[in-house]
Structures are given as structure tokens and as C-alpha cells.
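As C-alpha cells, the structure follows; a few thoughts come after it.
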Amino acid sequence: MTNNTSALELIQAIEEADSSDSLLDAVEALANARLEEASPTLIAVLSYNNPGAAVAAIDGLVQLGEVAVLPLLNLMDDYNYGGRAWAIRALAGIADPRALETLLVAAEQDFSMSVRRAAARGLGNLHWSKMLPSEVSSAQKQVFTTLQLTSQDAEWVVRYATAVALQGLGSSVTVSQPDLAGEIKSQLEQMLATDADLTVRTRVQLALKEFRI
Amino acid sequence: MESSPENYTEVDSPEHLTVEQAIANLKGEDRGLQYYAAWWLGRFRVKEPEAIEALIFALQDEGNRTESGGYPLRRNAAKALGKLGELQAVPALIACLDCSDFYVRESAAESLGMLSDRSCVPQLMKLLVGGLAANQPIPGFPHLPQPCAAVIEALGTLGATEAIELIEPFLEHPVELVQYATARAMYQLTQNPSYGDRLVKALSGDKLQLRRAALSDLGAIGYLPAAKAISETLAENSLKLISLKGLLEHHVKNHYRETREQGIGNREQGREFLPFNGESEDILKNSSESSSISDTAIYLMNLMDDLL
């Protein structure tokens, strides 16, 4: 009961916020309360065109984790572009495999590089143990195919995120799919040999170092 | 908020110009097309001799004027020439430092900084003569008498140590962006950490616009002690990532150079900081699993990873 009351109050504070600062405070308070019923409100905040508040809302949604995934996936299409971009970043942060399709599409096609980089990063991080075991290996191959594409992105930051993701994917498949692990390693070696950006190459080098096969 | 890099669309939709068309437009009569072509040639790094010549010619354009007497085409041409890296533009850009249009002087100073040709140093220094007193804000004007920040940044980038005494007083300039440019240049010219620390302090300031400027300056000078503060300042992750990229590349290049200069550039050591283009093939051949990366580089990349 007290829980519900406080949730209601915290949500109300967001609706009544009359300045950028008071909105940010209200969102942070709701995010920190870690209440499952807060998801829809936090998702709504993503569309307020207030970057500070959106970052706080994403932190809150990522902390809520799994319970926020379906609301994010369900509510997302109804929102404006800015809100959708933030929602994809929240899904990437939560890393629940139910967001797989959404993240694959975002990494390949979104027109904003900050969304592509977040989606690519998220793909390397997915919690595979939450997926049906029978589906895991083909999903991992699908992720690799997308990461091969993002490794050619025009923006260095997306390629950087791809290196991070390849490292993550690589370490999840070392034992289960040694063939795929080998392909990932070759992909990284190819990036090291050909990428024009020093920062990307340095990150690839770290990925190869961390990812031993 | 409109200008937030998190919000704007990051896609370039280049109008369907070809190099030939752009050059023709630049030489043509239509002022709108001329103006756009000058920008386009810089944006797409068109280094054809004909483009360079046409841009240099455009620095003396008289046709395109604003109501207050500005030279929009000259401004764009000066900016483009900085991006193209052709030193033959230097004398014409130096001449632009005397232009009556503030924004032409500013663009020329920026471009001269990018072209790494020190022959412009005396003329850049001339714009700072009179120091603080001569460069106070003018009531009712959006800009200072001279483009101090651009000039000071250029002098820093060009390593103009002879300008240190002239630049240093601008640390006390009333405009924060001029102070930052000065701290940035002073750091580049002296390597004294107190100047880097001033920029770090700026990261905790109140105004987003100024925090963004400090991020950019710290990235440009590659000031390592700023890493943590960069990752924590209140600004868009995209800008923090670019700033940390500056630190990382500065570190990696220096480390590699030092390793080489110390004569330990044998295969083991030399490979450590290999990620240079020319070396890539060697790297690939030798990268079995032996490459090692400095702890500093790893620290920086960990900070960057968390911002993705």
C-alpha cells in the first residue's frame, strides 16, 4: 500500500514538473525507487525531448531490467523518433534477448549513429541464458551477420561499438560454437588490418587480446 | 536542445552534385550555388587542383555580400581550404586575416591552424596586438573586435612558442570560450598541467555549451588526467566519446613514438603500438596473440565502452 502511494506520488511529481531541473529530479527519484509500475512513466519521459531526463529514465529502466522489456517493445512504436531512439538504447542496456529483432534492425538501419552504436553494443551483451537453448546458436549467428555489417559503418563510433560487441559475442561462443568464434576472430583481424581509424584499431587490438582462442 | 548531437539527424544527404558540377557552380554566376559549392568541396574533401584554384580565387569574391558588408562566399571558401590541406592556399588565407569581415578573418585563422604551415604565425600574432584591452566585447555586437579564440587556437596548434607572452594574458579574458582557447594553446605550447586543469575545471561549469567546448579542447590536447572528469561531465555521450578518442590517440601515438625513439623498436615492442596504417600488415602477420596494450590505453577504452 505504502509502495503504491509512493509510486503514485513519484509519478505525479513527474507530471507536475514545471522546469527542466524539477523534471530531472522527479525522474531520478522515480528511477531510484526501482518500482515495476514506473516503466510506462519512465518510457513516456523518453519522448519529452529532454536529454537529461531521458538519460535518467534510461538508467531507471536498465535497473528495472527484464520487467521493462515488454513495455518498451510494446510502447515503442507509438512514440516519436526521439523517444524510439532512447528506447532502443534502454533495450541495449537491459540486454534481454527478447529485444533481439529490434536491436538487429536498429544496428543496421537506424539513421542516428548514437542509436546504431548503442544497438551494436547491446547485441554483443545479450543475456543468452534467458533465451530458449534451441534458439541460441542461430540467434548468435544472426548477431554476427549484423555485426559484420556494422563493422563497415561510416561512423568510427559504430565500428568501435562493433569491436566491443564482437569481443562480447566471441567470449559467449568460444565453447559452444568454436567455428563461429573463429569467424569472429578473423573478422576482428580483418578490422585491425583495414580500419582507417586509430581508435577503432586500438579497440580491436584490445578485443583480440581479451578474446583468446 | 535543438543542437544536441543526440537529437539531430546524423546523416548527410549530399545534394546530387558531382565534383565537376561543384567546381562549375563555384565559378558560375548563381550566388546560392556558389556558396553551396564552396561548402560542398570542403565537406567532401575535393582536392582537385581546379577546385583549390577556384576556392583560392573565391577568397577575393566581391559579388556575394551581406547587408552589413560581410563576404559569405569568402567565409565558406576559407573554411573549405582548411579542410583540403593544400599549402598553396596559405598566402591567400593570410591575406584574409586583413579582411573587413570578422567571420572571414575567423575562418582564415581556423584554416591556417589546420594547415600546419608556420609562415602565417607573424600575421596571426598581429591580430592579438593590443592584448586584452583591444579585444573587449563590443556592446551590441555578437563578436569581439578580432577572432581571438580562433587565432589563439591556431597559434597553439602551430606550436608558436614565440607567441606565449602575447597569448597568456587572454586567460583573463571576460569571454569563457577565449579563456578555454587560451588554456588549450598554453598547454600545447608549455605542456604545463595547470592549463589542462583549468579545462578540467570547466567541465563542472553550469553551462552545457561551455562544457561541450571544454570537452573538445581536452580532446584536442589529449590531456590524460582529464579522462575521468570527461566521462562524468554532464554532456552528450557522443561528445564525451570524441573527447576520450582524442586522449587515446594522443597517448597511443606518443607511446609508439617514445618506444621507437628509445631504440627499442624491435618487433616485440614495435608491435605494441602498432595500430598505424602503414604497419597494419605486419601487425596482422604478427598479431597471433602477443600484442599488448598499455594500461593507460585500456583504462581509456574502458571509460569509452561504458559510454556506448
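If you read the sequences in order, they're chains A and B.
1 is the number of the first residue of the first sequence in the numbering used here; add one for each residue after it.
1001 is the number of the first residue of the second sequence in the numbering used here; add one for each residue after it.
Glycine included, every Cβ here is placed at the ideal spot set by N, Cα and C.
Scanning its chain for C-beta atoms nearer than 6 Å, with the 5 sequence neighbours on each side dropped, one finds around ALA1092 (chain B) the residues ILE1056 and LEU1059, in chain order. Between LEU1189 (chain B) and the set B:TYR1180, B:LEU1155, B:LEU1215 and B:PRO1174, the nearest pair of CA atoms involves B:LEU1155. When DSSP states are grouped into helix, strand and coil, PHE111 (chain A) belongs to the coil group. Looking at the backbone, the Cα of GLN1209 (chain B) and that of GLY1219 (chain B) are separated by about 16 Å.
Counting only unbroken stretches of 4 or more residues, the alpha helix (DSSP H) elements lying wholly within the region 1057-1116 of chain B are 1072-1084, 1090-1096 and 1102-1114, in sequence order. Counting along the chain, the unbroken alpha helix (DSSP H) around ARG84 (chain A) starts and ends at 81-94. Residue contact check for VAL1046 (chain B) against chain A: no CB pair falls below 7 Å. In terms of Cβ geometry, ALA99 (chain A) and ALA118 (chain A) do not form a close pair [threshold 7 Å]. With fewer than 16 neighbouring CB atoms inside 10 Å of its own CB, ASP18 (chain A) falls in the exposed class. Shown in chain order are the members of the region 159-171 of chain A whose Cβ falls below 8 Å from a Cβ of chain B: TYR160, ALA161 and VAL164. Here the region 116-132 of chain A lies against the region 146-159 of chain A, with 3 or more beta-carbon pairs under 8 Å apart.
Note that the C-beta distance between ILE88 (chain A) and VAL69 (chain A) is not below 7 Å. Taking a contact to require three or more Cβ pairs closer than 8 Å, the region 1064-1077 of chain B and the region 1113-1131 of chain B do not qualify as touching. When secondary structure is reduced to three states using DSSP, THR1233 (chain B) falls in the coil class, being assigned neither helix nor strand. Closest option to LEU1224 (chain B), judged by alpha-carbon separation, among B:PRO1174, B:ASP1306, B:MET1186 and B:ALA1297: B:ALA1297. Between ALA57 (chain A) and the set A:GLY65, A:LEU46 and A:ALA165, the nearest pair of CA atoms involves A:LEU46. Between LEU1234 (chain B) and MET1304 (chain B), the CB-CB gap reaches or exceeds 7 Å.
For ILE1167 (chain B), the enclosing alpha helix (DSSP H) covers residues 1164-1167. Here ILE1152 (chain B) is near ALA1185 (chain B), since their CB atoms are less than 7 Å apart. Within 10 angstroms of the beta-carbon of VAL175 (chain A) lie fewer than 16 other beta-carbons, which makes it exposed. LEU30 (chain A) and GLU9 (chain A) have their C-alpha atoms roughly 9 Å apart. In terms of CA proximity to TYR81 (chain A), A:ASP110 leads the group A:VAL157, A:ILE184 and A:ASP110. For CYS1148 (chain B), the uninterrupted alpha helix (DSSP H) segment begins and ends at 1148-1157. Taking one beta carbon from each stretch, the region 163-173 of chain A and the region 122-131 of chain A have 3 or more pairs nearer than 8 Å; the two touch. In this structure, the CA atom of GLY65 (chain A) is about 41 Å from the CA atom of TYR1180 (chain B). Nearest to GLY60 (chain A) by C-alpha distance, out of A:MET76, A:LEU192 and A:PRO40, is A:PRO40. Interface annotation, VAL1129 (chain B): not in contact with chain A, CB-CB separation never under 7 Å. Near chain A, meaning a CB-to-CB distance below 8 Å, the residues of the region 1225-1239 of chain B are LEU1234, GLU1236, ASN1237 and SER1238. Classified as buried, PRO1147 (chain B) has 16 or more neighbouring CB atoms from the shown chains inside 10 Å of its CB. Residue-level contact by beta carbon fails for GLN152 (chain A) and chain B, as no gap is shorter than 7 Å. Counting only Cβ-Cβ distances below 9 Å, LYS1027 (chain B) has no contacts in chain A at all, with the closest Cβ about 30 Å away.
Approximately 17 Å separates the beta-carbon atoms of LEU1239 (chain B) and MET1301 (chain B); this is outside 8 Å, ruling out the contact.
In the DSSP assignment, ILE1221 (chain B) falls within the unbroken alpha helix (DSSP H) covering 1208-1221. Rounded to the nearest whole angstrom, the C-alpha separation of ASN50 (chain A) and ASN1192 (chain B) is 38 Å.
Check the Cα spacing between SER1194 (chain B) and each of B:VAL1178, B:LEU1171 and B:LEU1166: the tightest is with B:LEU1171. Cα atoms of PRO1145 (chain B) and VAL1046 (chain B): separation of roughly 33 Å, rounded to the nearest angstrom.
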